[in-house]
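So the structure is just underneath, and the comments pick up after that.
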Amino acid sequence: MSTRPTSAKKAARAAASAAAHALTADVDGAKDAVASAVTTAQVALTGTGDSPDPYVPRHGDARYDVTHYDLDLTYRILGNHLDGRAVISLRTRVAVRSIDLDLNDLRITKFSAKGAKVARWSQSRAKTTIRFASAVAAGTEMTLTMAYRGNPHPMRGIDGLAGWEELDDGVIVASQPHGAPSWYPCNDRAANKATYTITVTTDSAYSVVANGVLASRRTSGQRTTWRYELAEPMSPYLATVQIGQYELTRHEPAKASLGRLPAGSRTVPWTLAAPPMLRRAATSAFADQGAMIELYTKLFGPYPFAEYTAVVTADRLDIPLESQTLSTFGSNYCTRDWPSQRLIAHELAHQWFGNAVTAAAWKDIWLHEGFACYAEWLWSPEAGLATTDEQARTHWAKLSRLPQDLVLGDPGPQDMFDDRVYKRGALLLHALRLTIGSDTFFRVLRTWVERYKYTTVTTEDFIATAEDVADRDLGALFAAWLDEAPLPPLP
Ligand SMILES: [Zn+2]
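So in my numbering the end of the sequence shown lands on 510, straight run, no missing numbers.
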């Protein structure tokens, strides 16, 4: 049973949810309906119609969906030079005369299209516009092929810099939320998930880690080509390339232990990628990674991808970051203490919450960060520290002393990564658990992942899932935590 929204805010959220779903709807057989839904969705999400998500203005184009990216990159570390070839398969969602791609400060040198006749294309600093010779019908499939090159660098957004970045000796790509166009041409909206092939050729002294499974590695002369295949659809900002003098240590899936999973069942292999000089510290810091995978598999359901990789850079980094199938940590997280361990757990949890199940719009960022933060508190007792309930009550007390001016359900682009989003989101989940009981709560989480993995979602979808699984109206609980600024008490 799902209770219909009653309050005005819930109704508004439901409308936005319906619109966001229309944005991800399949166009086949419903072209007119989708065309009008796109218009409604753009109005609902932005009020202007020029950008699908107001948290990342001027990114993305809701008129088409990319279905596959085939990226073939040659990278010279000395000089930070990128030579790229992108083959982009896409399908139009409405009738179009033109479409836009996002690519920042890299120059396209060759362009061709199959499946539609292109009259001309033009490139400004961050947008490439493709104009067709005549109107292209909704549902048209086409392939765009382009060669591009330049010196990639992080891209500026409302929230700061993100994207391709040089390390002291290598590269990190940390694109959340707006940095994807810093290294490849894309339709940069989270709601457009696609599959990827990422091929990188670079100096043989370096290792390359990218999304998905390593399909081949070939060395020719001084260069090595690494090809990764990602079968599970991914939002553009989660695509990444990590280049460094890394040793890759693969851990085969552990047999279930500690009673977390049924006897005989297995999890997934995971790889530690770290510079040789950090190997000992990294091995110690990540000693519980396999057990974390096991715990979360038990609580959230099967790990949603084929493998997991933790990359440790030689550089220190302010914060770790999740990408689909891997996470990246600075050398400063190679410790056994809680500040590192909680983040090793946090980034892993994003594989379920954020990567497999992804918010269609950034205002719903709590669906990523609240869940990953709650996963830290679930790991805490396993690490011999406070219980999940003690963690929640400690953080409730801390949060209650901070300004009460943040609305979790729409924090605004300036505050989307504010720590209060993380903690309040986690506290909402704890409040839900205390309200419906632990068994039902974890059934909600497993149903959520099972129902929505590889797609994009809204807050309203989560409320509906919780009400569906718990078989009760939870509207008042969610409204207090999501729509009002004051911190509600824990039940
Ligand atoms: Zn996070």
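Cβ atoms here follow ideal geometry from the backbone N, Cα and C, with glycine treated the same way.
(message) Determine whether the beta carbon atoms of W140 and T128 lie at a separation below 8 Å.
(response) With a cutoff of 8 Å on beta-carbon distance, W140 and T128 are scored as not near each other.
(message) What I want to know is whether the C-beta of E469 ends up closer than 7 Å to one or more non-hydrogen atoms of ligand 1.
(response) No.
(request) Tell me F151's beta-bridge partners as DSSP assigns them. (result) For F151, which the question treats as bridged, DSSP gives the partners V137.
(message) Going by the DSSP bridge assignment, what does C205 pair with across the sheet?
(response) Beta-bridge analysis with DSSP links C205 to D121.
(request) Could you have a look at F436 and say whether DSSP puts it in helix, strand or coil? (result) DSSP, reduced to helix, strand and coil, places F436 outside both helices and strands of the structure shown, so it counts as coil.
(message) ligand 1 and H87: does any heavy atom of the ligand fall closer than 7 Å to the residue's C-beta?
(response) False, no ligand heavy atom lies under 7 Å from that Cβ.
(request) Could you say if the segment 209-227 and the segment 94-105 meet the contact criterion of at least three C-beta pairs nearer than 8 Å? (result) Yes: the two stretches touch, three or more of their Cβ pairs being nearer than 8 Å.
(message) Going by DSSP in three states, I312 sits in which element: helix, strand or coil?
(response) Per DSSP, reduced to three states, the secondary structure at I312 is helical.
(message) Can you give me the C-alpha to C-alpha distance between R150 and R116, rounded to a whole angstrom?
(response) Approximately 6 Å between the Cα atoms of the pair.
(request) Report the rounded CA-to-CA distance for G349 versus L257, giving the unit in angstroms. (result) Between G349 and L257, the C-alpha separation is close to 18 Å.
(message) If you reduce the DSSP assignment to three classes, tell me which class V13 lands in.
(response) Residue 13 falls outside the range modelled here, since the chain spans only 20 to 510, and no answer is possible.
(message) Would T259 and N230 qualify as a contact pair, given that the criterion is a beta-carbon distance under 8 Å?
(response) Cβ distance < 8 Å, so T259 and N230 count as in contact.
(request) Would you mind listing the alpha helix (DSSP H) stretches within the segment 312-398 that are 4+ residues and don't spill past its ends, in chain order? (result) Fully contained in the segment 312-398 are the following alpha helix (DSSP H) runs of length 4 or more, in chain order: 357-368, 385-398.
(message) Here's the rule I'm using: 16 or more other beta-carbon atoms within 10 Å means buried, otherwise exposed. How should I338 be labelled?
(response) I338 is exposed by the Cβ-count criterion.
(message) Across the segment 303-310 and the segment 356-369, are there enough close Cβ pairs to call them in contact, namely three or more that are closer than 8 Å?
(response) The segment 303-310 vs the segment 356-369: in contact.
(message) Using only the alpha-carbon positions, how far apart do L397 and L314 sit?
(response) When the Cα atoms are used, L397 and L314 turn out to be separated by approximately 9 Å.
(request) Out of F481, A489, D437, T474, point me to the one whose CA is closest to G179's CA. (result) Checking every option, the nearest Cα to that of G179 belongs to D437.
(message) Please classify H100 as buried or exposed, where buried requires at least 16 other C-beta atoms within 10 Å of its C-beta.
(response) By the 10 Å Cβ count, H100 comes out exposed.
(message) Could you check whether the Cβ of N230 sits closer than 7 Å to any heavy atom belonging to ligand 3?
(response) Ligand 3 is not part of this structure, which contains only ligand 1.
(message) Quick check on this structure: which residue in T466, F372, W357 has the alpha carbon closest to the alpha carbon of S342?
(response) Ranking the options by Cα distance to S342, first place goes to F372.
(message) Using 8 Å for Cβ pairs, my map puts N170 next to R144. What's the rounded Cβ distance?
(response) Wrong, their Cβ atoms sit about 14 Å apart, outside the cutoff.
(message) With a threshold of 8 Å, are at least 3 pairs of Cβ atoms found where one atom belongs to the segment 240-252 and the other to the segment 203-222?
(response) Cβ pair count under 8 Å is three or more, so yes.
(message) Strictly by DSSP, which residues pair up with A181?
(response) Per DSSP, the beta-bridge partners of A181 are M174.
(message) For I384 and Y327, what's the separation of their Cα atoms in angstroms?
(response) In this model, I384 and Y327 are separated by some 22 Å (Cα to Cα).
(request) Could you have a look at S457 and say whether DSSP puts it in helix, strand or coil? (result) If DSSP states are grouped into helix, strand and coil, S457 belongs with the helices.
(request) Out of N351, R208, T216, point me to the one whose CA is closest to V331's CA. (result) The residue with the shortest Cα to Cα distance from V331 is N351.
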